[in-house]
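In UniProt numbering, the protein residues as written are 1 to 449. Quick reminder that beta carbons are idealized off the backbone N, C-alpha and C, glycines included. Please read all numbers here as calculations on a predicted model, not as lab measurements. Read the structure below first, then the notes.
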């Protein structure tokens, strides 16, 4: 069995098991699971809205009064005859009023427009050389994201001779955007299903390459789509009018055609996985404990552009101005989210009991606390210590594994230093047990300076 076919079968098996539901650990008691579910429900419950303070009520009343005066001035009849009686006696006065109205209108549009996302891989606090990914199916290397696409393309080309239809289906899902790949798969499915439903109809066995829909959705719009059709048995032929067609010959194996279509509909793209780059750091005896919070990054990993600095300055100015306005909760939420920096990755440091050893790894900002707990259990701690700990945030909040919020929603991005703790009732023995590391990781300790 080829490597890509074995990978495809594994993916189908994983999808089948995922439909059963989330797994449960044998070492977890029913009470622990119930407590975790209750904690998740509590964390997702909305906080009741508090009554406004006296100062806020006075500010709201003043804002309403200003709005009523503004509406009354708008409805008041204006004198006919140009500028007489309006208070605007010169052309400069008129120009100034028009400019002021334009500025106010633009500020309102900017303030209450949809949030603008500024996506960055990380912030200047990550003490790593970069963000790396791994793809064991293709190569054992750990590389930046942009270096994986040519390697995956080369891998698929090398595998094409072993199982052409399957490799072409995986290439469609891998080398094209998801929406374009799905549209291509749906279009090809219509062609193939017409052939399977009407095997004797010659018109369904011919695809005109010059057809506008075919060109916009299949080839050349979608990479490797033509390779898939050729692998299904279609042959390229020239018509009487000089146009090129894809023709399925009468002797084509329809069962193989149906199997190829199933591959296309169920295939998944080859996507590199985030490499945790797990490391164990030790604070030297002469260093302060706060050194764990000091992390640095090369300047070329991220830099703030002048445009972003200007946007930040405007945000601060608008925040001061907005305090004088009466706003709805939706308006406040939209303004809070506006210009929010959204990090793609997060560096997590976990301080072990004793305070000298620190575990470090990279996570996606969309991952959850359960992923950090799984990382600690599966890659860092010995099995005997896997269930005897909890994580605590810098502000002493307990971070429950069942919390369904992402690391970004929890405010842990772009970097966070957490503490691995045990219950005070368990004593020093439990703390020592919870900090037992796997031998392979303990041998890779590095000094943190």
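Item                                                                                                        : Value
Range of the contiguous beta strand (DSSP E) that encloses residue 348                                      : 345 to 351
First and last residue of the uninterrupted beta strand (DSSP E) at residue 134                             : 133 to 135
Where the alpha helix (DSSP H) through residue 439 begins and ends                                          : 439 to 442
DSSP-derived helix/strand/coil call for residue 162                                                         : coil
Cβ neighbours of residue 183 in the same chain (closer than 6 Å, five flanking residues each side left out) : 217
Selected residue, minimal CA-CA separation from residue 345, among 221, 359, 368                            : 368
Limits of the alpha helix (DSSP H) - the one that residue 230 falls within                                  : 225 to 231
Proximity of residue 394 and residue 410 at Cβ, strictly below 9 Å                                          : no
Option nearest residue 231 by Cα separation, candidates 223, 175, 168                                       : 168
Alpha-carbon spacing of residue 221 relative to residue 143, whole angstroms                                : 29 Å
Cβ contact (3+ pairs, closer than 8 Å) linking the region 349 to 365 and the region 269 to 279              : yes
DSSP three-state assignment for residue 397, whether helix, strand or coil                                  : coil
Continuous beta strand (DSSP E) stretch holding residue 245: start and end                                  : 244 to 247
As assigned by DSSP and simplified to three states, the class of residue 421                                : strand
Option nearest residue 214 by Cα separation, candidates 130, 147, 445, 229                                  : 229
Assigned exposure category for residue 97 - 16 Cβ within 10 Å defines buried                                : exposed
Rounded separation between residue 380 and residue 374 - CA only                                            : 9 Å
8 Å contact criterion, which residue 12 and residue 266 should meet: CB distance rounded                    : 7 Å
Rounded C-alpha distance that separates residue 133 from residue 145                                        : 6 Å
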